[in-house]
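A short write-up of the structure that comes next.
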Amino acid sequence: MIEQNLKELEERSIFILREAHSKFKNIAALWSMGKDSTTMLALARKAFLGKVPFPVIHIDNGIDFPETYKFRDELAKKWKLNLIVARSEIKPEISGFSCCGANKTEALKKVMKQYKFDALIVSIRRDEHGVRAKERVFSPRDKNFRWNYKDQPAELWDDYSSKIENEGHVRVHPLLDWNEIDIWNYIKKEHIPVNPLYFSRNGFRYRSLGCTHCTVPLKSNAKNVDDIIKELKTTNVEERSGREQDKEKEYVMQKLRALGYM
Amino acid sequence: MLVENVTMLGHKDHGKSTLIGSILMLTNSVSNTRIEEAKKYSEKLGKPFEPAFILDSLEEEREGGLTIDSTRAEAKYKDLAFEFIDVPGHEELIKNMMSGASFAETAILLVSAKPGEGIRKQTKRHVFVAKMLGIENLIVAVNKMDTVNYDENIYNKIAESIGKFLSNIKFDGEVRYVPISAYKGENIARRSASMRWYKGMPLLEELYRMIKGAGKSDKNRFNKLRAVVQGFIEDNNEKLISAKVLSGKIEKGKIMFFPGNIERYAKKIILKGRVVAKAGEGSSVAIEIDKEIKNPRGLVVAKKGEEPIVANKLNALIFTTAKLTPNSKMVLKILGNEIKCNRLNIKEHIDTTTGALSKKGLIESLNAGILELELESDIAFERYDVLKSMGRFSFYIENKFGGVGIIE
Amino acid sequence: MKNDEIIKIADALQKEPNETNWERFAKALKKSGIKYYRIVYVSLKNAEDLTKSYAELFDAKGKLVTKVPIFKRSNGKKIEGATIYLKGLLNINKW
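Order-wise, the sequence lines are chains A, B and C.
Numbers in this note's numbering are just positions in the first sequence, counted from 1, shifted up by 137.
Numbers in this note's numbering are just positions in the second sequence, counted from 1, shifted up by 7.
Reminder that position 68 of the third sequence reads as 63 in this note's numbering, one-by-one numbering, no gaps.
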C-alpha cells in the first residue's frame, strides 16, 4: 500500500467539504463511527473552524457493537455533533447482505426525505473495493437512489458537478483519494479518537467495522495506532475480507449500488 | 511519498488495461486476493487469464472487454509511486476520458502494432486532448509487438508517424518511445530478449527517468496572489470567506476581489483552524474581512496593483464532444462560476486527427477550435500558459456536457 | 453475591425482552462485575433468527456470568436490535 502526502490529501478533502457546504442548501453526512467517517468529521472540523456545521446521520439497525454505540454517544457529546439516529428495521425477509443493505437504504431514504437533504457526505475510498474504484467525488443519485454508473458526469479538475437530476441528491466523497494507510497515518498525526474495536485485546481485532452479525474479526496483536500502521505495511490481506457482504460477487454489490444501497 | 499520476491513453483495444494489470503484477503491487479473484473470474468465462481482469471490476467490462470509467491503480517502482489512471478509448466515452486525464501531467500513449490495429483516429484525439489538458511528459508505448514478431521496422514506422502528429499539433513536452508486449510482460520491467535491437530502457525505467528528470522548476513561476472564493464559513455569527489559494501567498492586509474591484482588509487568515501569518499555494483558508461581501463565491482574490484579467470577452482553444455552431448555447463552468455565453465566434476549426486548421465556421464533434467568446458578464481569469488553474474551463451545451477549453 | 441481581434480570430478559426489562438490565449492568461480552450469532435469514442470537457475558476474570438475548420486542410484535444496552462492555469475539 502506498502512503501518500497527507498534507495534499487533507487540502483536497477540506476543499471538497467546503465546496459541498457552499453548493448545497441542505447537506448531511453519514457516520458509521468507523475510522473513515470519523476522519471525515475531523477534517470537517478543520475546514469549518472547529465545528461540524451539518447534521450527522447514523443508520442504526439496532445490532451494532456496544462499543460503537458508546463511541458514538461520547464523541457526539465531545464534538457537539448534530446527531440524527435513523433506525432501520430488521424485516421478516432478509438474507445475507440485504440485512445490512436494503433495509439501511430504506431508513436512509426516509431520513433524506424527512429532512429534505440535497446532498450526502459519504466517506468511501477508492482503494476499498473494485466497484467503488469507479466512484466520483460528486456523484448524483436520482430520487430512487439509483446510480447510473454508465453515465457519470465528467469531473474536471476541481470543478465538481452539482446538477441534481430528478429530485434526487448528490453524494459527496471527500475521502476518495485516501488509502487505508493514509487514514491511519492521519489518525496518528491528528490524534483522532478511534473506535476501540479496531484494537486487539485478545489476539483479534476488527479491521473493518460493520454490525455484530456481519463483521468477523481477524487475527492480530495490534493494540494501538502505531501497531496497526506497522501491520498494514506488511500485510497483504484486503481490508474488507472481514465483512460478509463483500464475499458476495462484486457485481451484486454494484447492482445494489445502482439500487440505492450505499 | 509523492504519488505520480500517469494517464493511460489510446484506443480501447490496444491494451491499456492489460498493461496496467501487467505492471501491477510485475511490481508486486496487487494483493493475492485480487489476483485470485481475477483468475477465478477468467476461468468462469472460459477465457485464459488476462492481466486486464485485475482492473476491470464491473461485470460488463469483464464480459465485454470494455473499460467504462476511469480506474486508478497504484504501483511502486524504486522510490516513486505511480497511480495509473486507466481511461476508456471508446469514442462515445470520451467525456469520461477527459475526466480521467485532467489530473495527470504524465501519460503513456498505447498504440498497437498488430496488423489491422495501429494508429487510429481515437489514438490521435486522445493525444490532442491530453496535450490540451496539460500533459507534459509522454511515453509512446508500441504494444503487441509479440503479434508482429517483434519487427523493428513496424515499430519505427509507428513511432515516426506519432512523432509527426505530435509536431503537427505542436506538442512541446518530452516524448520517449518504447516497444512492448503488455500481454507477455515484455520490456516493461525488464529488457526483452526478443527486442535486442531496441537500445532504450524498459517502460517503467523510461517512465521513471522521465519523471525524475522533468523540470519541476516549471511549477508555477507565476507567484502573484490568486485565490478563488468558495463561499462562507460561519464562526460565532461572523461570516468568514473560505477560499483556496491557487498561487502566491495570502496574508493579513489589503486585498481586492475581482470582478468588481472590491477593496477589503483581511484581518485574519485562518488555515486548518489556526491563525497564520500567511498561506501559500494549495491552502484552503478562511479570511476574516472588515466588511461583508454579499455573494463572494467565484470571486478571485488578488493584491492591489497585481490584478487578474477581468473581461467578458476571451479567446479559447476548445475541444468539443458535440458539434458547435455560432448558434450553440454554451455555458462555461470556470472557477466555480457558471457563465452563459452570449456570442460564439468560431475562428478556426482544428482537426484533432491531423492538427490541420480550416475556416469552416463550425466545429465538428470530437474536434477542436479557436473561439472568441462573449460572456453575459465579466469574469476574472488568467491565460492558461500563465496560470493553468485560472485559465481552463469546461462547457455545457443545453445542460449536457460539451467539452473543455483553455484560455489563450 | 455481586452478580445476583443482573442474573435475575437476564433470566427475565430471556422470557420477556421488553423495554422495561432492558432498562433494568442497563442500570444493573453498571453495578455488576460484568466486563466482557461475546455475541453468538446465526446467519440472519429472517427477523426471527435474531431471536436465536444471544450475548454471553463474562466478568473481569473471563468467567461466564450469564446470557442475554440481543433483541427487544416492544408492544409484543416488532423485533428490534438491542445491543445498545450492552454499552460499556468489551468485545471478545474470536469469530
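Glycine included, C-beta positions come from ideal geometry on N, C-alpha and C.
Measuring only the C-alpha atoms, how far is residue i from residue j?
i	j	result
Leu154(A)	Glu270(B)	28 Å
Asp358(B)	Arg183(B)	24 Å
Gly220(B)	Leu31(B)	23 Å
Leu339(B)	Val252(B)	22 Å
Asn16(C)	Ala45(B)	51 Å
Ser174(A)	Ala250(B)	24 Å
Thr242(A)	Asn198(A)	11 Å
Ile377(B)	Gly141(B)	17 Å
Leu364(B)	Glu313(B)	36 Å
Arg308(A)	Ile169(B)	41 Å
Glu327(A)	Tyr48(B)	41 Å
Phe172(B)	Ile300(B)	50 Å
Val411(B)	Asp179(B)	20 Å
Lys275(B)	Phe20(C)	53 Å
Asp392(B)	Lys160(A)	29 Å
Leu45(C)	Leu24(C)	22 Å
Val274(A)	Tyr36(C)	37 Å
Arg198(B)	Arg127(B)	27 Å
His310(A)	Ser29(B)	29 Å
Leu394(B)	Lys231(B)	10 Å
Tyr206(A)	Lys250(A)	25 Å
Could you spell out where the beta strand (DSSP E) holding residue i opens and where it closes?
i	result
Leu380(B)	Asn374 to Phe388
Arg149(A)	Taken as a continuous stretch (DSSP letters only), Arg149(A) belongs to no beta strand (DSSP E), being part of the alpha helix (DSSP H) at Leu143 to Lys160.
His356(B)	Asn344 to Ile357
Phe408(B)	Lys407 to Ile414
Tyr31(C)	Ile29 to Val35
Asn319(B)	Ile316 to Thr327
Leu436(B)	What the structure shows of chain B is the stretch from 8 to 415, and residue 436(B) is not part of that stretch, so it cannot be assessed.
Phe400(B)	Arg399 to Ile404
Asn12(B)	Val10 to Gly17
Arg224(A)	Leu220 to Arg224
Asn150(B)	Asn144 to Asn150
Asp93(B)	Leu87 to Asp93
Tyr49(C)	Tyr49 to Asp54
Lys73(C)	Lys73 to Gly76
Met337(B)	Met337 to Ile341
Ala165(A)	Ile164 to Leu167
Thr352(A)	Looking at the DSSP string, Thr352(A) is not in any beta strand (DSSP E), and its letter there is neither H nor E.
Ala284(B)	Where Ala284(B) is concerned, there is no enclosing beta strand (DSSP E), given that its DSSP letter is neither H nor E.
Met263(B)	Gly260 to Phe265
Is any heavy atom in the ligand SAM found nearer than 6 Å to the beta carbon of residue i?
i	result
Asn334(B)	In the structure shown, the ligand SAM is absent, as is every other ligand, since no ligand is present at all.
For the alpha helix (DSSP H) containing residue i, list its first residue and its last residue.
i	result
Ser4(B)	The structure shown does not extend to residue 4(B), since chain B is modelled only from 8 through 415, so no value can be given for it.
Phe20(C)	Glu14 to Lys26
Ile318(A)	Glu317 to Glu327
Ile1(C)	Asp(-1) to Lys10
Glu295(B)	First-last for Glu295(B): Ser291 to Ile296, but that is the beta strand (DSSP E), not the alpha helix (DSSP H).
Phe60(B)	Segment: none, Phe60(B) is in no alpha helix (DSSP H) and carries neither H nor E.
Met139(B)	Lys128 to Met139
Lys370(A)	Val362 to Thr371
Ignore the nearest five residues each way along the sequence and tell me which others in residue i's own chain have a CB closer than 8 Å to its CB.
i	result
Val13(B)	Phe89, Glu90, Phe91, Ile92, Ala111, Thr113, Ala114, Ile115 and Leu214
Val86(C)	According to the sequence displayed, residue 86(C) carries Asn and not Val. For Asn86(C), where only same-chain residues beyond five positions count, the Cβ hits under 8 Å are Tyr31, Tyr32, Arg33 and Ile34.
Glu204(A)	Asn332, Pro333 and Leu334
Looking only at its chain, what residues have a beta carbon closer than 6 Å to the beta carbon of residue i, apart from the 5 residues adjacent to it on each side?
i	result
Val193(A)	Ala166, Trp168, Leu218 and Leu220
Thr349(A)	Ile200 and Phe202
Leu178(A)	Val189
Val283(B)	Ile276
Considering only residues of the same chain and omitting the five flanking positions on each side of residue i, which have a CB-CB separation below 7 Å?
i	result
Asn361(A)	Phe336
Ser225(A)	Ile196, Asp197, Asn198, Asn240, Lys241, Glu243 and Ala244
**Request:** Write down every uninterrupted run of the alpha helix (DSSP H) in the stretch 153 to 201 of chain B whose length is 4 residues or greater and which is fully enclosed by it, in chain order.
**Result:** Runs of the alpha helix (DSSP H) inside the stretch 153 to 201 of chain B: 159 to 175.
**Prompt:** Which full runs of the beta strand (DSSP E) of 3+ residues lie inside the stretch 176 to 215 of chain A, going along the chain?
**Reply:** The stretch 176 to 215 of chain A contains these whole beta strand (DSSP E) runs: 193 to 197.
**Asked** For the stretch 202 to 255 of chain B, which segments carrying the beta strand (DSSP E) assignment without a break, of at least 3 residues, lie completely within its bounds, in sequence order?
**Response** You should have 233 to 242 and 245 to 254.
**Message:** Quick check: the stretch 146 to 153 of chain B against the stretch 120 to 128 of chain B, are at least 3 beta-carbon pairs closer than 8 Å?
**Reply:** The answer is yes - the stretch 146 to 153 of chain B touches the stretch 120 to 128 of chain B, with three or more Cβ pairs under 8 Å.
**Request:** Assess, as a yes-or-no matter, whether the stretch 374 to 394 of chain B is touched by the stretch 314 to 331 of chain B under the definition of 3 or more beta carbon pairs within less than 8 Å.
**Result:** As far as the Cβ criterion goes, the stretch 314 to 331 of chain B touches the stretch 374 to 394 of chain B, which means the pair count is three or higher.
**Request:** Evaluate contact between the stretch 352 to 372 of chain A and the stretch 302 to 320 of chain A, counting only Cβ atoms and requiring at least three cross-stretch pairs below 8 Å.
**Result:** A contact exists between the stretch 352 to 372 of chain A and the stretch 302 to 320 of chain A.
**Message:** Taking contact to mean 3 or more Cβ pairs, one atom from each stretch, closer than 8 Å, check whether the stretch 235 to 247 of chain B and the stretch 201 to 213 of chain B are in contact.
**Reply:** Short answer: they don't touch.
**Prompt:** If you pair each beta-carbon of the stretch 154 to 164 of chain A with each one of the stretch 249 to 261 of chain A, do three or more pairs fall below 8 Å?
**Reply:** Yes, they touch.
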